[in-house]
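Scroll down for the structure; my scribbles are underneath it.
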Amino acid sequence: MESRSPSIACIGIIGRHNNPLHISLLPVTGQDGQPNQERNRLEYTFMLNSSLDIFEARMPSKTVGHDFGLLHALDEPIALYGWLTNTGVKLIIVVDMGGRTAQTAEAGKTAILGLRTSDLTPAFQALQTAYIRLLRNPFYVPDDHDPRTTKLRGSLEITSSRFIKEVERIGRTWYPGITAI
Amino acid sequence: MEAYPAEYSAHELPLVILSGLGTRPDIVPTGGQSRRQESGARISTSSKECSGDRARLLLEQLLKQDGSSEAWSSPPSSGPQTLLPYRIRTIGRNYTLPARKAAPLPQSPSADGFQNQQAGQFRSTELHSPLSPLSPGSPIYPDGVFTPLWLAKHQWQVPAAFIAFFELSSGDDTAQNEQLQIDINAIRTALSRSGFKTKFAAVLLSDKSILRTPELEDRLSAIRRATTLDPKSGLFFMPPMSSQAEIATFVQSMLTTLQPLIVDYYRDLTKHSRRKKTRGGSGFLTSPVDGGAHALSTPGWNVRYDFKQGVYAEFRQEMDVAERHYSAAIDELFSSDGILEATPSWSPRWNEARLLCDVVALRVVRCQLWMSSTTGATLSWVNYRARVRDLVDRRGKGTQTYAWDAWESRWAEIMAQLIRRAAIPALQASDANAADESVELARFGTYAMPERAYAASERIPPFYLLHHPGYWLRMAVESTRARREKAMNIPDEDCIPPGQSPASSVAHRATTYDTYLVPAPHEEHPHAKSNSFDHLAETERLASAASKEFAGRGQMRASELLKLQLAQLQESAKMFEQALAVALPVWEECTWREDGWDSLFVPLLTLVQRCAAKCGNAHAHISATWELMKLRPDVALNGSTDLPSLLALTWPDHEEVHVQMHDRQRHSPIDVQFAFRDKGTNAGDHVECQLSLISRLAPYCKVAAHRMEISMSNGETVTIDHEDSESQEQQDNGLVDLSAKTKSTDGKLMLHADLNLERSHERTYSFPFSFRETGEVLVQSITIWVKADFASIEHKFSEPQNIQASLAYIRHAGRIEQRELPFTSTATIIVRPKPPKMQILLRGLHDQHYTNEHLSLDVELVNEEEEAVQVTAVASFSGEGLDLAIPSWTGASEDSPEGGIDVGRINAGAKQVANLLVVAASGPIPCVLTIEIKYTLLSDPQTPLKKTLTTDLELTAPFEATFNFAPLLYIEKWPSFFDMSPTSAADEPEGIPQKWRLGTMLHSLAARDLTIETIELRETSEVVGATYSLSQSREFASQTLKLQGTTGTEFDLLSRKLSFDDRRPTHLELLLDIGWRRDAESTLVTTTLPVPKLILPSSEPRVLCTVSPDAHVGHVTVRYHLENPSSHFLTFGVTMEANDDFAFGGAKFRSLSVAPLSRVEFVYQLLMHGSKTQAGSDGVQISPVLQVVDSYYNKALRVHSGGNGVNVDDKGRLTIVLP
């Protein structure tokens, strides 16, 4: 059996009022880096939604820092990590411990050895940068993506293709031990 | 854990049997000791059981030491003196121990027995435990590895300690003593005969203490001698005890004494097993049990011994040791020649070994959790799963069977159960969230931090952090669901019971289906007739347990998700009632609606909608459809174009249903928005309101409200009823103006409009509304009623953010546009009081007002109200924060308050004038004149209305004065120094009379001409030591002071000291009163200006110059008067300077001596030179310079004007003006 290494399975951007802003799914990849198994969007939506409980539980006592670290591990391969921006937007990364084929023997070990919480920090930082870049876009009005303030109706999700592409790029690029994305 | 025999999963506690304290019916051994009646040694005593309160209390205290319901974790304070938890069993007086050795095989004369007679004889010498695989009567004979009976034996039958209780009464000595000795000895004998090394202790319950009855001492020693019991650990004497605490202490000390013996008991057993293991299985292998090939292999024996040692260690509560032995047992089972590898997988022994292996693995995890090794436990769990998966894949029927899913589900559930039993503090559901202050604790509700051994390494797979049971149960749920799916896929031919199916198919099944702890395929298939396993019930059980775990830790979303998944499963199995029951609470409480997780909420809504339709719950069906119509109209209406037709289709004949909804609980496909066009209004005024109805449906979907109601916080309501009107003009922008139809009735506004949203998806209704009472009014709720077939739906919007509109239609330049309103709270309006409509006009004010002026103002009150009013007016006048004279009204009655007047009734449209007199302040300060009128409408005398007029008056001084003070010649003769009459009256002034002149100049500061009537001087205070008289030099005629003009007058002042001896100067303080008027008509105003303080020196010499023109042209006589009012003889040098303008006759220089209190006059005749002889327009001016120097002081005296025709300017230059 080929050895597998961790990859990002899903990235969720959740708004201040716990509303989903964007969900990117990254497929399971095989030997050649080609997707060989799509992920079930509903299943991952469930996961992201249920991790909001943990944000809520920890929020009152969390005073310093954005990094919520490991939120919970649902199964042997699936673990969710969280990050909170100071505007209350939550970034959630779902890591699949065997989401891709290990390119090197070293990478194969991480699936067994596990992850440091700091392994996810570059990904979160890159996501936050991407989100800040989105906020700097004058056509993106954050209040229009907030169910409490929006005057628009319909989906509140982020539609900026540039942002979505960036999120997907971060999801594809990340590997344990990467220093910057 | 329930799938395994209870003995296997039970936690081991040292068994203590209590004899003679009665039996407890509630403690019944669960083991199957009744299954085998192989009786061993029988313990029987004839003493009667202990009874009474003491025995009961003692039993209670002993049972408190029973640890079978304790948490499976080490107690928090594990000191050396901690008592072990025990399993306590109470028996009566009789007890039968199980046989230690199997009974020898009956020497039956059967052929088999005969042939193996030798062997039989051999066996009979080497008897084994009845549960050993070597004993033919054993259930695992000949090659089974283990039986739970063995555990039952140790858990319930063979005690580590046997404690017998006897009563010892002080009365009858010998008979009781003997009986006791016999009984104790009988027990001891029975125990030793049984072969078990059970510790024995006897407790004597005395009714008297030894101190009271010393003979007891002898009896005790007699018993001790007779029974040879160890006085310390074998025989306990219990004197009478009254309190529970005393008994508890006694029990504690007794068990503490027995504890090492009990531990030793299990240690001995461990030693025995270890010895047998090290001796190796060779002895058994060689022993020719019938059919050596079937005998248990060496690894099998090793497993037995390791497991037994583990169990014994667990009895001793040495969990680390137990874990080591259990791990060794697992390794032994999995080893290449282990049972799992060596036994053929079709053999029942293989499944038995799997069962044992599962149990051992369970015990490994339990031991690790016991030692709070959470990550280690997870690791063991994961590793064991991987091992078994590998084993089942290689040697079993593979992991694609339902049995494997069942095993995975069981294995996950076991973990959840173990974690729950272990009561790990980090994973406890926190009942009080407030207590969790620190970050660590809050984090811990979800998963435990790794223990020290793993915390050192910075990398750890996230799953290895032990999560709370909810997560494990969730995994169990998923496996159970997978199991159901696989069971559903069992082909039909395998679902027929074996009795009805061909043998080949049954044989095929045996090789295909794994039935390890699961039913056979024909019983497994959910739809098979012979189904014996309810997957859905199992899923529901696990899911609700998981959901409870999540909910207990505040993870409501996770809990709801599990419920939704369960409901979906139940729906798919057509269990609509159950699915609806599970989904309804989620539907009511979930956060997805509010947070916009439509992808989760839509499946829930569709589920509720479908299930409610199936279950006949029209109410829920309509509500869910209504909500779903907003999110997914296509799904909600399921092909219909509107709600009525869908309902008619779903519920062909249904009675009327009324569904009430609230925007906090339900979505609505119709949104309402409301805006007041203004932020504030006045009571009684009309304000425009705009109410919008917005349909969120797809264009082809129709929806029609039949009624709307707006209710405001002040209790007023606006109702709009639907009215079908084809002719109603439909504007493109959807604005419907209802102002023409507005009819207001007592707090309720009833309107009619077309509320159909068919043609336009958004409509705005505009209507005017007026408030009667003041204050803040907000729209509390807007309710819409929709009628659909048999159902009437009422949806109430009360959340402000759901009601407030941000846009409003505004008529602008003939068009109607939508504009953003400049305020946010559009559903709130501030109603201000009705504004007063009386007008106050003030007449008679001038551009400029002067100090001290009297103002006569006409106040005109105009009634612009629609009816007559009753008015009172009050005026006040103040400046610089000071209250000045209160203005007075002409004609004000005596009893009216100061500054007030009762104006009386003014008819509608009429006006009335009142005259107000105001006296201005005497200083130039800014003043404020306030006129306040209070009035009531004749129709409403209770509501006072008020209007205030405030006018700023800037007061200015009308003029300023400059003063000029100079000496003047007193023409009369001075009194003679020698002529003093001592007889003169005392108050007759005797000083030298001196004359002075005060010149006054007024400069106009006013912006207009003023008429000066009088200018008068007035003294303000008494003058001390002098008399004086004032006279105006010439009569002052009334004159007009022009703009910036100047006028003036002069006053003569004659002063005389009362006493000659008084040499002090006289001080004089005067005021100047100026009488003036604005114009001829206005009243005379007196403005008083202060005169600077005048100082009249009375003893200074002075020179005064007078002139008297001669008859000859060009001749003038100038007289100088040198006065010496002092009492000194003064000598002056007088020099007349030559001048180009004139020639003079007189001494050029002379020295002059002046006696005290006298004056000298000297005269110069002046003759003008040529040009000066001709008088100009303003006469001839010459400036003779006379220097008068005091010879003694060498001080020049200034020459003053002594009368008319001589002027002295500021520099002291004297000018004589000749006409």
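Protein chains in written order, with the UniProt record's numbering: chain Y, 1 to 181; chain S, 1 to 1219.
By construction, the Cβ of each residue, glycine as well, lies at the ideal position given by its N, Cα and C atoms.
Inset, instruction - For S/Ser-335, collect the residues of the same chain with a Cβ closer than 8 angstroms to its Cβ; drop the 5 residues on either side in sequence, then sort them by chain order. - result: Stepping through the second sequence from its first residue, residue 335 of chain S is reached at position 335. Within the same chain, S/Ser-335 has close Cβ partners Pro-299 and Glu-341.
Inset, instruction - With S/Phe-533 as the anchor, note down where its alpha helix (DSSP H) starts and where it stops. - result: By 1-based counting over the second sequence, the position of residue 533 of chain S is 533. No alpha helix (DSSP H) holds S/Phe-533; DSSP gives it neither H nor E.
Legend entry - Amino acids of chain Y, ordered along the chain, whose beta-carbon sits closer than 7 angstroms to that of S/His-467: Along the second sequence, read from residue 1 onward, the residue named residue 467 of chain S stands at position 467. The contacting residues are His-72 and Ala-73.
Inset, instruction - Say whether chain S places a C-beta atom closer than 8 angstroms to the C-beta of Y/Ser-5. - result: On the first sequence, position 5 is the one that residue 5 of chain Y refers to. Closer than 8 angstroms: no.
Inset, instruction - At 7 angstroms on the CB atoms, spell out the chain Y contacts of S/Arg-557, in chain order. - result: What you label residue 557 of chain S is simply residue 557 of the second sequence in a count that begins at 1. Those are Asn-49, Ser-50, Leu-52 and Asp-53, listed as they occur along chain Y.
Inset, instruction - Give me the Cβ distance between S/Leu-861 and S/Pro-887, rounded to the nearest whole Å; I'm assuming they're in contact under 8 angstroms. - result: For this step, residue 861 of chain S is matched to residue 861 along the second sequence. For this step, residue 887 of chain S is matched to residue 887 along the second sequence. Not quite, the Cβ-Cβ distance comes to about 16 angstroms (not below 8 angstroms), so this is no contact.
Inset, instruction - Flag this pair as touching only if the stretch 1155–1166 of chain S and the stretch 1195–1205 of chain S have three or more C-beta atom pairs under 8 angstroms; answer yes or no. - result: no
Legend entry - Per-residue contacts from Y/Thr-129 into chain S (C-beta, under 9 angstroms): Counting from 1 along the first sequence, the entry for residue 129 of chain Y is found at position 129. Within 9 angstroms Cβ-Cβ: nothing; Y/Thr-129 doesn't reach chain S, min ~25 angstroms.
Inset, instruction - Whole angstroms is fine: what's the gap from S/Thr-399's alpha carbon to S/Gly-552's? - result: By 1-based counting over the second sequence, the position of residue 399 of chain S is 399. By 1-based counting over the second sequence, the position of residue 552 of chain S is 552. Taking the straight line from one Cα to the other gives about 34 angstroms.
Legend entry - C-beta neighbour in chain Y for S/Val-382, strict 8 angstroms: What you label residue 382 of chain S is simply residue 382 of the second sequence in a count that begins at 1. Judged by the 8 angstroms Cβ criterion, S/Val-382 is in contact with chain Y.
Inset, instruction - Compute the Euclidean distance between the alpha carbons of S/Glu-178 and S/Ala-222, then round it to the nearest angstrom. - result: As a first step, residue 178 of chain S is located in the second sequence; it is residue number 178 there, counting from the start. As a first step, residue 222 of chain S is located in the second sequence; it is residue number 222 there, counting from the start. Their Cα atoms are separated by approximately 10 angstroms.
Inset, instruction - Check S/Cys-615 in the structure and name its three-state DSSP category. - result: Indexing the second sequence from 1 puts residue 615 of chain S at position 615. Here S/Cys-615 sits in helix by DSSP.
Legend entry - S/Ser-132 beta carbon less than 8 angstroms from that of S/Arg-93: Walking along the second sequence from the start, residue 93 of chain S turns up at place 93. Walking along the second sequence from the start, residue 132 of chain S turns up at place 132. No, the Cβ-Cβ distance between S/Arg-93 and S/Ser-132 is not below 8 angstroms.
Inset, instruction - Tell me where the beta strand (DSSP E) around S/Trp-346 begins and ends. - result: Residue mapping note: residue 346 of chain S aligns to position 346 of the second sequence, counting from 1. Here S/Trp-346 belongs to no beta strand (DSSP E), and DSSP marks it neither H nor E.
Legend entry - Host beta strand (DSSP E) of S/Tyr-765 (start-end): Translated into the one-based positions of the second sequence, residue 765 of chain S becomes position 765. It spans 762–770 - the beta strand (DSSP E) in which S/Tyr-765 sits, taken as one unbroken run.
Legend entry - Delimiting residues of the alpha helix (DSSP H) encompassing S/Lys-276: Your numbering for residue 276 of chain S matches position 276 in the second sequence. 244–279 is the extent of the alpha helix (DSSP H) around S/Lys-276.
Inset, instruction - May I ask whether a heavy atom of the ligand MN can be found less than 7 angstroms away from the beta carbon of S/Ser-69? - result: Ligands are entirely absent from the displayed structure, and the ligand MN is therefore not among its contents.
Legend entry - Within 8 angstroms, strictly: CB atoms of residue 1243 of chain S and S/Ile-88: Limits of chain S in this structure are 1 at one end and 1219 at the other, which puts residue 1243 of chain S out of reach.
Legend entry - Min CB distance S/Tyr-447 to chain Y below 8 angstroms: Position 447 of the second sequence, counted from the first residue, corresponds to residue 447 of chain S. Judged by the 8 angstroms Cβ criterion, S/Tyr-447 is in contact with chain Y.
Inset, instruction - Starting from S/Thr-824, follow the alpha helix (DSSP H) in both directions and report where the run begins and ends. - result: For this step, residue 824 of chain S is matched to residue 824 along the second sequence. No alpha helix (DSSP H) holds S/Thr-824; DSSP gives it neither H nor E.
Inset, instruction - Locate the alpha helix (DSSP H) running through S/Pro-526, then write down its first and last residues. - result: Here residue 526 of chain S refers to the residue found at position 526 of the second sequence. Taken as a continuous stretch (DSSP letters only), S/Pro-526 belongs to no alpha helix (DSSP H), as it is neither H nor E.
Inset, instruction - Could you give the DSSP three-state label for S/Leu-517: helix, strand or coil? - result: Residue numbering aside, residue 517 of chain S sits at position 517 when the second sequence is read from its first letter. Looking at S/Leu-517 - three-state DSSP - the assignment turns out to be coil, as it is neither helix nor strand.
Inset, instruction - Give a yes or no on contact between the stretch 487–500 of chain S and the stretch 95–114 of chain Y, applying the rule of three or more CB pairs nearer than 8 angstroms. - result: no
Inset, instruction - Ignore the nearest five residues each way along the sequence and tell me which others in Y/Leu-25's own chain have a CB closer than 8 angstroms to its CB. - result: On the first sequence, position 25 is the one that residue 25 of chain Y refers to. Around Y/Leu-25: Ala-9, Cys-10, Glu-38, Arg-39, Arg-41 and Tyr-44.
Legend entry - Which listed residue (S/Asn-1194, S/Lys-1093, S/Tyr-1120 and S/Ile-1182) has its alpha carbon closest to that of S/Leu-1130: Mapped onto the second sequence, residue 1130 of chain S falls at position 1130. Nearest of S/Asn-1194, S/Lys-1093, S/Tyr-1120 and S/Ile-1182 to S/Leu-1130, Cα basis: S/Asn-1194.
Legend entry - CB contact check: Y/Asn-18 to chain S, cutoff 8 angstroms: Position 18 of the first sequence, counted from the start, is the residue given in the question as residue 18 of chain Y. Yes, because at least one Cβ of chain S sits closer than 8 angstroms to the Cβ of Y/Asn-18.
Inset, instruction - Spatial neighbours of Y/Ser-160 within its chain, please: CB distance less than 7 angstroms, with the 5 preceding and 5 following residues excluded, ordered by chain position. - result: The sequence position of residue 160 of chain Y within the first sequence is 160, counting from 1. Here the set comprises Leu-134, Asn-137 and Tyr-140.
Inset, instruction - Give the DSSP-derived three-state secondary structure of Y/Arg-16 in the structure shown. - result: As a first step, residue 16 of chain Y must be located in the first sequence, where it is residue number 16. Residue state, collapsed to three classes: coil.
Legend entry - Element boundaries [alpha helix (DSSP H), containing S/Asn-383]: By 1-based counting over the second sequence, the position of residue 383 of chain S is 383. Here the alpha helix (DSSP H) through S/Asn-383 covers 374–394.
Legend entry - Residues from the stretch 589–605 of chain S in contact with chain Y, defined by Cβ distance under 8 angstroms: Thr-591, Trp-592, Glu-594, Asp-595, Gly-596, Trp-597, Asp-598, Ser-599, Leu-600 and Pro-603
Legend entry - Nonlocal neighbours in the same chain, by C-beta distance under 7 angstroms from S/Ala-434, ignoring five residues either side: Stepping through the second sequence from its first residue, residue 434 of chain S is reached at position 434. Note that S/Ala-434 scores a pLDDT of 41, beneath 50, so its modelled location is shaky and nothing firm can be said.
Inset, instruction - Using only alpha-carbon positions, find the residue among S/Ser-169, S/Ala-202, S/Arg-193 and S/Ser-192 that is nearest to S/Asp-183. - result: Along the second sequence, read from residue 1 onward, the residue named residue 183 of chain S stands at position 183. Taking only the C-alpha atoms, the option nearest S/Asp-183 is S/Ala-202.
Legend entry - Residue span of the beta strand (DSSP E) that contains S/Arg-1159, given as start and end: Here residue 1159 of chain S corresponds to residue number 1159 of the second sequence, with the count starting at 1. That run of the beta strand (DSSP E) goes 1158–1168.
Inset, instruction - Could you tell me which residues DSSP pairs with S/Glu-960 in its beta bridges? - result: Sequence index remark: in the second sequence, residue 960 of chain S carries index 960 (1-based). According to DSSP, which records beta bridges pairwise, S/Glu-960 is partnered with S/His-1003.
Inset, instruction - Indicate the three-state DSSP secondary structure (helix, strand or coil) for S/Val-321 in the structure shown. - result: Residue mapping note: residue 321 of chain S aligns to position 321 of the second sequence, counting from 1. Note: S/Val-321 maps to helix in three-state DSSP.
Inset, instruction - Pull up the distance between the alpha-carbon of residue 1229 of chain S and that of Y/His-72, whole angstroms please. - result: Only positions 1 to 1219 of chain S appear in the structure, and residue 1229 of chain S is not among them; the question remains open.
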